[in-house]
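Asker:
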Amino acid sequence: MNRPIVRHAPVVGRVPHLLHGGDYNPDQWRSTKETTWREDMRLARLAGINTLSVGIFAWAALEPEEGRYDFGWLDEILDLMAEHDITAVLATPTGARPGWMSRAYPEVLRVNRDRTRNRHGGRHNHCLTSPVYREKTTAINTALAERYKDHPALGVWHLSNEYGGECHCDLCQERFRAYLQDRFDSLDDLNEAWWSAFWAKTYADWSHIESPSEHGRGEQDIHGLELEWRRFTTEQFVDFYLHETAPLKAITPDVPCTTNLMGTYPGIDYFRLAQVLDVVSWDSYPEWTGTAKDADRGARASFLHDLTRSLKGKPFMLMESSPSATNWRPVAKLHRPGVHLLQSLQAVAHGSDTVQYFQFRKGRGGSEKFHGAVVDHQGTEHTRVFKDVAEVGARLAQLDGVVGTDTPADVAVVYDWHLRWALDEQKGLLQQRTDYEGAVIAHYRAFWEQGVPTDVIDSSLIARPGHLDRYKVLVAPMLYMLRPGVAEAIDAFVQRGGTFVATYATGYVDEHDRTFLGGFPGPLRETLGIWAEEIDALYPEDRNAIEWNGTSYEAVELCELIHAETAEAVGAYGADFYAGRPALTVNRRGEGKAYFIAARTGADFLADFYGALVAEAGVERAVDADLPAGVTAQVRTDGTTDHVFLLNFTPAPAAVEVGGAPVELGPFGTAVVERPRA
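Quick note on UniProt numbering: the sequence shown kicks off at 1 and runs consecutively.
#1: Compare the beta carbon distance of residue 352 and residue 244 with 8 Å and say whether it is the shorter of the two.
#2: Three-state secondary structure (DSSP) at residue 257?
#3: So residue 41 is in the alpha helix (DSSP H); what residue range does that whole segment cover?
#4: Do you know offhand how far residue 313's Cα is from residue 509's?
#5: DSSP three-state call for residue 360: helix, strand or coil?
#6: Short of 7 Å in beta carbon distance, which residues of its chain neighbour residue 591, apart from the five on each side in sequence? Order them along the chain.
#7: Mark residue 557 as exposed unless 16 or more other C-beta atoms lie within 10 angstroms of its C-beta, in which case mark it buried.
#8: Cα-Cα, which of 470, 597, 439 and 462 is closest to residue 528?
#9: Sorted by chain position, which residues of the same chain lie with C-beta nearer than 7 Å to residue 22's C-beta, five sequence neighbours on each side aside?
#10: I need the straight-line Cα distance from residue 30 to residue 675, nearest angstrom please.
#11: If we require 4 or more residues per run, which alpha helix (DSSP H) segments fall completely within the segment 494 to 566?
#12: Under a Cβ-count criterion, where at least 16 other Cβ atoms within 10 Å of its own Cβ denotes burial, should residue 254 be classed as buried or exposed?
#13: Can you list, in chain order, the residues of its chain whose CB lies under 6 Å from that of residue 261, leaving out five sequence neighbours each side?
#14: Do you know how far the Cα of residue 382 is from the Cα of residue 60?
#15: With respect to the beta strand (DSSP E) encompassing residue 664, which residues constitute its N-terminal and C-terminal limits?
#16: Among 606, 573 and 539, whose alpha-carbon lies nearest the alpha-carbon of residue 430?
#17: Of the residues 230, 19 and 419, which one's Cα is nearest the Cα of residue 211?
#18: Whole angstroms are fine: how far does the CA of residue 531 sit from the CA of residue 492?
#19: Along the chain, where does the beta strand (DSSP E) that runs through residue 317 open and close?
#20: Can you tell me whether DSSP reads residue 243 as helix, strand or coil?
#21: With a CB to CB cut of under 6 Å and the five nearest residues on each side skipped, what residues in its chain are close to residue 642?
#22: What did DSSP end up calling residue 105 once you bin it into helix, strand or coil?
#23: Quick one: Cα of residue 317 to Cα of residue 167, how far?
#24: Would residue 393 and residue 49 qualify as a contact pair, given that the criterion is a beta-carbon distance under 8 Å?
#25: Report yes or no: is there a C-beta of chain C within less than 8 Å of the C-beta of residue 141?
#26: For the alpha helix (DSSP H) that residue 191 lies in, which residues bound it at each end?
#27: Output the distance between the C-alpha atoms of residue 670 and residue 290, rounded to the nearest integer angstrom.
#28: Which residues does DSSP list as the beta-bridge partners of residue 20?
#29: Cα separation between residue 433 and residue 209?
#30: Can you list, in chain order, the stretches of the alpha helix (DSSP H) that have 4 or more residues and sit fully within the segment 407 to 448?
#31: Do the CB positions of residue 403 and residue 16 come within less than 8 Å of each other?
#32: Given a cut-off of 8 Å on the beta-carbon distance, is the pair residue 618 and residue 472 in contact?
#33: Among residues of its own chain, excluding the 5 on either side of residue 694, which ones have a beta-carbon nearer than 7 Å to its beta-carbon?
#34: Kindly list the residues whose CB is nearer than 6 Å to the CB of residue 563, restricted to its own chain and excluding five residues on each side of it in sequence; keep chain order.
#35: Short check: CB of residue 308 to CB of residue 280, under 8 Å?
#36: Would you identify the three-state DSSP class for residue 177, choosing helix, strand or coil?
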C-alpha cells in the first residue's frame, strides 16, 4: 500500500524556485507612481520577493467606462516587474464589478435568500447565471489575454478572488430546476429522494421547486433540497470558472489558471472545484496568540494545508497569508518573533510551492488599510515586519531542492463537504455543537503530533478506483453520509489489508440524506462488525469514560450504544446505564482490520490509540523519535532526498533527534534537515 514518488513541475515552468510575494495594488497608487512604483520594485527585491499578484479588483481601473479599456498603467507595472525579474500572478478583475455595470445592468446583482436584490458595493456581488455578466467577463478576460499573452512577466492567471456566496434570482431558479431535471429521472424520483411527503411538501410540477428561502424555512423541512442547492451552487462556480478561463486557455494555453480557496469554506465543495483548476491555491490566516495555544492553531493550519494539497494531490500555492496582524480578526495581534517564518515554512512543509501575502503595500483607505503588509505606511525597509519577510525570502531561496517535491502519506483522514452539509442541517445529536470539522481535526492532530504525513480526502476520492491502494490507514470520523461506492471501496480496502477507523454517527444517511434502513452503520455494518442502536447526546457538564488498555479515558458529548456482532469489543463504557457495553471494537475482515470508536473523546485517548495504531500498521513517520508537545515534523521528497521540516509551535525551546543527532529549535523555531531517502 504505497504509491510512487512524483517530482512535479514548478508552478511557473521557467521559475525553478519557491515563489515569494503577495497581492499588489499599483492601481491604488497611480497618482504617485513616479516615486512609489519603482520604490516598490526595489523593496520587493530587497525582501527576496520574486512574484506579485496584480489586477485583483481592478476592473474599474481597467475599464473605467463600458467598452473603453485603460491598460496603460498595467503595461507600465508589468514592464517594471519584468525588468526586476518578478513574475506576475495576473488576476482577472471579476470579483468586483465597476459601478457603471451595476447602474446599466442591475440584473447582474445577486438576489439573497430573502429574495431581496443587493445594491452595488462590496465584492462577489454578481449573479453567476447573468448573460450580461458573463458577456462582460469574457470581454475583459479576452482583452487581458490578448494584450499580455507574450509578456515576459506573465506566470499564472489568478481568476477572480475567493469565490463565494450564492444567487436566488429568477435566472438562477430556472437554472436550478434544469440542474434537478438532469439529476433526477422524474419528479417522482425527486419526491422519493427528498422524502417530500413530510409536512405535505410533495412537488406536483418542476416549476414549483424554489431554492431554499428565509420565507417558509423550506430548508428545514426538506434536507434534500438544501443539499442539492449546495451541490448546484458548487456546479455554478465550476461552470463560471470554466467560462472565465475559456478565453485564457484559448489564447495562453501554457499559463496555469487558479482561483484562491478559503480552507473549509462551507459554500463550495472544493474537491469538485479543484477538478477544473490547474493548480490549487488558498488563503491562510491562522489566529496566532504567541502562547502555548499556538500548538492548537498550528495543528488546524496544518490540516488545512494538507486538505488543500490533497485536493489535487500535488504542490499548491499559498496565495495569501499575513506577514503581521490580520485586521479582520476580533483581535488583530502582531506576530511574535519567529512566527512569520514558522507559518511560512509550515505551508511549504505541507506541500506549498509558494509563500504569498495579503498584502505587499498597505493602502491609505478602505477596510484593509490596517491589515498586515510587507511595506508599512512608513514606506521603507526599516521595520520589524519587513525584516521578517526578508528573512523568509532568504530561507526560501535556499530551498530550490524542495520545488515540486512530493508529500507521500501512509494515512488519509476523511473530510467531506457533502457530509458536512447534511450534518449542518440534521436535527439531532448536538444541533449546532455537533462540530464535524472539529472532530475531524481532532483525529488528524493525533497523527500531526507524531509527525505522520497525512492526506485529507473526501468520498469522491474514496470511491475512485485504486485511490485507497496508496494508504495503510484510513480514518473517517463521523462518516454520517455514505455516497455511492464509498462503503464498497472501504470494505475492499480492509479486505486487502488496510486499517480502517470509523466513529460514532457513521453510516446514517445516503447521498440524498435519507436514513438507511436495517440498522446503522448501514452499508458498513459488515465491514465494522457492529450494529449501532442508539446515540446519547450529553450535556456540556456530562462525562462518561472509555476503559481501554487498563486506562480510563474521558468520553464527552456523543456516546453511541453499539452491539458487537462479528467485531471484538476491546474497550467498554465506564458509566451510566450503558456501563460495560462496547465503546471500542475491532473487526478482522479479510487481511485487514476495521476499528470503531463509539464515543467522542479527549486528545489523550486519540494520542494513545493512534500511537498504537501507527506502530501496528507500520506507518512511516517523518522522524523516528518522540516529538515534544507542540512540535511536528513533516517530509517532502523527490524520492532520493528527504527534506525534513521541524516546526515548533510553542514559545519554549525544544529539541528533536534526527538521524541520531539533536536539532535545537528556539521558541516558534524551525529547521529543515536533508537526508537520503531510505
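Don't be surprised by glycine CBs; every beta carbon is placed ideally from N, CA and C.
Answerer: The short version:
#1: To locate residue 352, count along the sequence shown from 1; it is residue 352. To locate residue 244, count along the sequence shown from 1; it is residue 244. No, Cβ-Cβ distance for residue 352 and residue 244 is not below 8 Å.
#2: Residue mapping note: residue 257 aligns to position 257 of the sequence shown, counting from 1. It is a strand residue.
#3: Mapped onto the sequence shown, residue 41 falls at position 41. 33 to 46 is the span of the alpha helix (DSSP H), which, as asked, contains residue 41.
#4: Along the sequence shown, one-based indexing puts residue 313 at 313. Along the sequence shown, one-based indexing puts residue 509 at 509. Their backbone Cα atoms lie some 28 Å apart in a straight line.
#5: As a first step, residue 360 is located in the sequence shown; it is residue number 360 there, counting from the start. Residue 360 falls in the coil class under three-state DSSP.
#6: As a working mapping, residue 591 is identified with position 591 in the sequence shown. The residues are 495, 496 and 497.
#7: What you label residue 557 is simply residue 557 of the sequence shown in a count that begins at 1. Buried, because 16 or more other Cβ atoms sit within 10 Å of the Cβ of residue 557.
#8: What you label residue 528 is simply residue 528 of the sequence shown in a count that begins at 1. For residue 528, the nearest C-alpha among the options comes from 597.
#9: Translated into positions along the sequence shown, residue 22 becomes position 22. Only 52, 53, 356, 357, 358, 359, 360 and 374 meet the Cβ criterion.
#10: One-based indexing of the sequence shown puts residue 30 at position 30. One-based indexing of the sequence shown puts residue 675 at position 675. Cα to Cα, the separation comes out at about 49 Å.
#11: 525 to 528
#12: Mapped onto the sequence shown, residue 254 falls at position 254. By the 10 Å Cβ count, residue 254 comes out exposed.
#13: Here residue 261 refers to the residue found at position 261 when the sequence shown is read from its first residue. Same-chain partners within the cutoff: 270 and 282.
#14: Looking up residue 60 in the sequence shown gives position 60. Looking up residue 382 in the sequence shown gives position 382. Those two C-alpha atoms are separated by around 33 Å.
#15: The residue labelled residue 664 in the question sits at position 664 within the sequence shown. Its beta strand (DSSP E) spans residues 661 to 665.
#16: Within the sequence shown, the letter at position 430 stands for residue 430. Residue 539 is the option with its Cα nearest to residue 430.
#17: For the purposes of this step, residue 211 is taken as the residue at position 211 of the sequence shown. Checked all of 230, 19 and 419; the closest Cα to residue 211 is 230.
#18: Start at 1 with the first residue of the sequence shown, and residue 492 comes out as number 492. Start at 1 with the first residue of the sequence shown, and residue 531 comes out as number 531. Spanning the two alpha carbons is a distance of roughly 20 Å.
#19: Along the sequence shown, read from residue 1 onward, the residue named residue 317 stands at position 317. Note, residue 317: beta strand (DSSP E), 317 to 320.
#20: Here the question's residue 243 lines up with position 243 in the sequence shown. Reduced to three states, the DSSP call for residue 243 is helix.
#21: As a position in the sequence shown, residue 642 is number 642, starting the count at 1. 635, 675 and 677, listed in sequence order.
#22: If you number the sequence shown from 1, residue 105 lands on position 105. Residue state, collapsed to three classes: coil.
#23: Residue numbering aside, residue 317 sits at position 317 when the sequence shown is read from its first letter. Residue numbering aside, residue 167 sits at position 167 when the sequence shown is read from its first letter. When rounded, the distance between both Cα atoms is 29 Å.
#24: The residue given as residue 393 occupies position 393 in the sequence shown. The residue given as residue 49 occupies position 49 in the sequence shown. Yes, they are a contact pair.
#25: Chain labels in this structure do not include chain C; a single protein chain is all it has.
#26: In the sequence shown, residue 191 corresponds to position 191, counting from 1. Looking at the DSSP string, the run of the alpha helix (DSSP H) that includes residue 191 is 187 to 194.
#27: By 1-based counting over the sequence shown, the position of residue 670 is 670. By 1-based counting over the sequence shown, the position of residue 290 is 290. Roughly 15 Å separates the two Cα atoms.
#28: Walking along the sequence shown from the start, residue 20 turns up at place 20. Per DSSP, 355.
#29: Counting from 1 along the sequence shown, the entry for residue 433 is found at position 433. Counting from 1 along the sequence shown, the entry for residue 209 is found at position 209. Looking at the two C-alpha atoms, the distance is approximately 31 Å.
#30: 417 to 425 and 436 to 448
#31: The residue you call residue 403 lines up with position 403 of the sequence shown. The residue you call residue 16 lines up with position 16 of the sequence shown. Cβ atoms of residue 403 and residue 16: closer than 8 Å.
#32: Indexing the sequence shown from 1 puts residue 618 at position 618. Indexing the sequence shown from 1 puts residue 472 at position 472. Against a cut-off of 8 Å, the Cβ pair of residue 472 and residue 618 comes out as a contact.
#33: The structure shown does not extend to residue 694, since the chain spans only 1 to 678, so no value can be given for it.
#34: Taking the first residue of the sequence shown as position 1, residue 563 is located at position 563. If we look at residue 563 and ignore the five residues flanking it on each side, its Cβ neighbours are 531.
#35: Locating residue 308 in the sequence shown gives position 308, counting from the first residue. Locating residue 280 in the sequence shown gives position 280, counting from the first residue. A contact, by the Cβ cut-off of 8 Å.
#36: Numbered from 1 along the sequence shown, position 177 holds the residue referred to as residue 177. Helix, per DSSP.
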